[in-house]
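Counting along the sequence shown from 1, when you hit position 18 you're at 104 in the numbering used here, and nothing is skipped either side.
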Amino acid sequence: MMMLFLSLLFASPQTESQSPPPPPQKVLMIGLDGVRPDALQAARTPHLDALSERGAITYTGQTTAITSSGPAWSSILTGARVSLHNVRNNAFEGKKITTWPTWLAQWESAHPEAFTAAVSQWGPIHDHLTQGTIDLSLDAEDQAAVTASALEIIGDSENDVTALFLHYDGGDHAGHAHGYGVNIPEYLAAIESVDAEVGKVLQEIRRREQILHEDWLILVGTDHGGTGTSHGKNIPEHRTVFLIASGSSAEDFSWRKNAEVVDFAPAALHHLGLQGSCIPAPRKDGWWQGRHAELNRRALAQTADILFLGDSITQGWEGAGKKVWKEFYGNRKAINLGIGGDKTEHVLWRLRHGNLENQNPKVCVIMIGTNNSNRDSSDAITKGVQAIVAELQFSVPESEILLLATFPRGATVEDRLRKINEASNASLREWSNTQEKVHHIDFNVRFLTETGVLTQEVMPDLLHPHEAGYKIWATAMEEELKRLLAISE
Ligand SMILES: [Zn+2]
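Structural data, given as C-alpha cells:
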C-alpha cells in the first residue's frame, strides 16, 4: 500500500512549486444582548479579552438610535440603516428584511453550496431575521442550548459551516432583573457566565482551524446598553456599544473612528469575499486612495452649501466642466466629491470614512450607479443608491437631497447598459416620492435627439459629458437647486 502511494506520488508530473491554496475564509458572529462596554471591561472575561488582543476592539461604538433589540439586531445582521430595513420596535411590523437581508442570507444567495446557520436565544431573531433564509436557523431555550447547538454545527463534518451567528441573552436578562451597570454584581456575573460559553465555542473553532487550516473572522457585539433595569432611550448609556473583530487575518483590522453596529455585516462579507452595491468597500489602487484622501482634506477645509457626490461624471466638473462650474458654482460654497470609476459601494464607504467630516450641506447633488451597470441588475443599483441616500439622511439629516437620474449612455435607446440605468432611474423616482427631503430629477431628454440618440457632440465617448454637456446639466438643474437652497435659508 505504502509502495503504491509512493509510486503514485513520484509519478505525478513535476511542475514548478505551487503555493498552498489560501485557507477557507469563515465567519463567526457572536451577539451578546444588552452588554454595556464599561461592564464588559469591569467583568472578568478572559475569553473575550483574548479575542480583542488578537484583533481590534472599540468601546465607543454606536448602536441604532432606537436602543431596542429589534431595530439593533436588524441593523447588526443586515448592515442596513433603520430607515431601510424599517424594523422600529420588537414587533417587527413593516419589516423589509426580504429587500435588506442579513449578511448570512446575502452570503447564502451568492453561495447556495455554503452552509450557513444561526442560533438565537432571543426568539424574534429566529422568527423575523434568520428563519427560512439560511440553511439552519434555531431558537434556543437557554445559553447552554446555544452553545450545545453551536458545538454540534462547528463539529459537523457533513455540513461545512462557513457563516455562523450565535446570540446569547444572559447580559440583557440580568440587566432587566437586577440593573445594568458596573456596580451590579448579578449583571457582571451574567456577563462572566456568557464569556465562559463563548470560551467553549472558541475552543471548538480553534480545533477546526488547526485541523482544517481555516481562517475564521470572529465578530462580537451587542445591541444596546441600559440604565436602571431598562433601555430604549437615545442616550449614551443605552447607545454606546463595543465592537470586536478578531482572528489570524484580523491583526491589522481597525474599526473606523465613528464605528457603528452597521459596520458588522460589511466586515463579515469582506472576509468572505463578497462584493455588492450595498456593501461599503474601498478601492485598493493607489490613485483612488490618493483621491479619497484629497477629498477628505477638501471636506475638512471647506464647509459647503452644495455637495456634489458621484463618479467620473461628477469628477469631470474639474475637467471638461471646469468653466461651467466656475460660472454656476464659483461664487457659491460648493464642493466636488466625485471619483472616477466609483460604484455605489465605494461612495457608501467614503461617506463613512471622512467625506462628510465637517459637512452639513444645504443640498447634496448625487448621481451614481452607472459604473454598477456592467455588473449589477437595476434592482441592485437602486438599492445601492438608496443605501447612499439613507447614509446622507442619517449623517446630514438637515440636507435636501437632489437625486439625479443617471445620464444616458450608449448611442441609442437599445443600449444594454442605458436600459439597466433607465430601469433603476424609474424605480428611484418612485421611491423618492416616499422619502422626505429627497427630490429626484431627470433631464436626460436634454442630452438626446428626438429619437433618443446620444451624439458625440454632447458626450464624445457616449458616457461623459463634453463642456456643452456640463452646461446642459447646470442649466437644467438650476431652478430646482435654487428652490432647495432657499428651503434652508
Ligand atoms: Zn432588553
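Each residue gets a CB set at the ideal place from its N, CA and C atoms; glycine is no exception.
DSSP-derived helix/strand/coil call for residue i
i	result
residue 451	strand
residue 556	helix
residue 430	helix
residue 458	coil
residue 138	helix
residue 480	helix
residue 90	Bear in mind that the predicted position of residue 90 carries a pLDDT of just 34, short of 50, making it unreliable; the figure below should be weighed with that in mind. Residue 90 falls in the helix class under three-state DSSP.
residue 225	strand
residue 216	helix
residue 66	This structure cannot speak to residue 66, because the chain is shown only from 87 to 575.
residue 104	coil
residue 327	strand
residue 537	coil
residue 566	helix
residue 346	strand
residue 313	strand
residue 463	coil
residue 332	strand
residue 598	As displayed, the chain neither begins before 87 nor continues past 575, which places residue 598 out of reach and without an answer.
residue 361	coil
residue 548	coil
residue 321	coil
residue 576	The question about residue 576 has no answer here: the residues shown for the chain are numbered 87 through 575.
residue 209	helix
residue 131	coil
residue 294	helix
residue 191	helix
residue 277	helix
residue 173	coil
residue 519	coil
residue 340	coil
residue 403	helix
residue 474	helix
residue 289	helix
Residue i Cβ short of 7 angstroms to ligand 1 heavy atom set
i	result
residue 372	no
residue 161	no
residue 120	yes
residue 324	no
residue 155	yes
residue 262	yes
residue 214	no
residue 253	no
residue 258	yes
residue 378	no
residue 317	yes
For residue i: DSSP bridge partner residues
i	result
residue 250	114 and 203
residue 422	394
residue 525	488
Beta strand (DSSP E) segment containing residue i, residue limits
i	result
residue 142	141-148
residue 233	That residue, residue 233, is in no beta strand (DSSP E); its alpha helix (DSSP H) goes 229-241.
residue 396	392-396
For residue i, the first and last residue of its enclosing alpha helix (DSSP H)
i	result
residue 302	Note, residue 302: premise wrong, no alpha helix (DSSP H); beta strand (DSSP E) at 301-307.
residue 353	350-358
residue 376	372-387
residue 442	Where residue 442 is concerned, there is no enclosing alpha helix (DSSP H), given that its DSSP letter is neither H nor E.
residue 270	It is not in any alpha helix (DSSP H) - residue 270 carries neither H nor E in the DSSP assignment.
Cutoff 8 angstroms: residue i Cβ touching any chain D Cβ
i	result
residue 334	The structure shown contains no chain D, having only a single protein chain.
Sufficient close CB pairs (3 or more, under 8 angstroms) joining the region 120-140 to the region 329-343: Taking one beta carbon from each stretch, the region 120-140 and the region 329-343 have 3 or more pairs nearer than 8 angstroms; the two touch.
Stretch pair the region 162-171 + the region 347-357: three plus CB contacts closer than 8 angstroms: In short, these stretches touch, since the Cβ pair count reaches three.
Inter-stretch contact at 8 angstroms, needing at least 3 Cβ pairs: the region 390-406 / the region 354-368: As far as the Cβ criterion goes, the region 390-406 does not touch the region 354-368, which means the pair count is below three.
Cβ contact (3+ pairs, closer than 8 angstroms) linking the region 108-122 and the region 266-283: Touching, yes.
Contact the region 453-463 vs the region 499-515: 3+ CB pairs below 8 angstroms: The region 453-463 vs the region 499-515: in contact.
Contact between the region 397-413 and the region 541-551 (3+ Cβ pairs under 8 angstroms): Under the Cβ criterion (8 angstroms, minimum of three pairs), the region 397-413 counts as touching the region 541-551.
Sufficient close CB pairs (3 or more, under 8 angstroms) joining the region 273-287 to the region 216-228: A contact is defined here as three or more CB-CB pairs under 8 angstroms, and the region 273-287 fails this definition with respect to the region 216-228.
At least three beta-carbon pairs within less than 8 angstroms, the region 287-299 to the region 149-158: With the cut-off at 8 angstroms, the region 287-299 and the region 149-158 do not touch.
Segment contact, 8 angstroms Cβ cut-off, at least three pairs: the region 413-428 with the region 324-331: Result no; under three Cβ-Cβ pairs closer than 8 angstroms.
Inter-stretch contact at 8 angstroms, needing at least 3 Cβ pairs: the region 375-389 / the region 188-197: Too few Cβ pairs lie closer than 8 angstroms, so no.
Segment contact, 8 angstroms Cβ cut-off, at least three pairs: the region 468-486 with the region 446-455: Taking 8 angstroms as the limit for Cβ pairs, the verdict is that the region 446-455 does touch the region 468-486.
The region 235-243 contacting the region 278-294, beta-carbon criterion three pairs below 8 angstroms: In short, these stretches touch, since the Cβ pair count reaches three.
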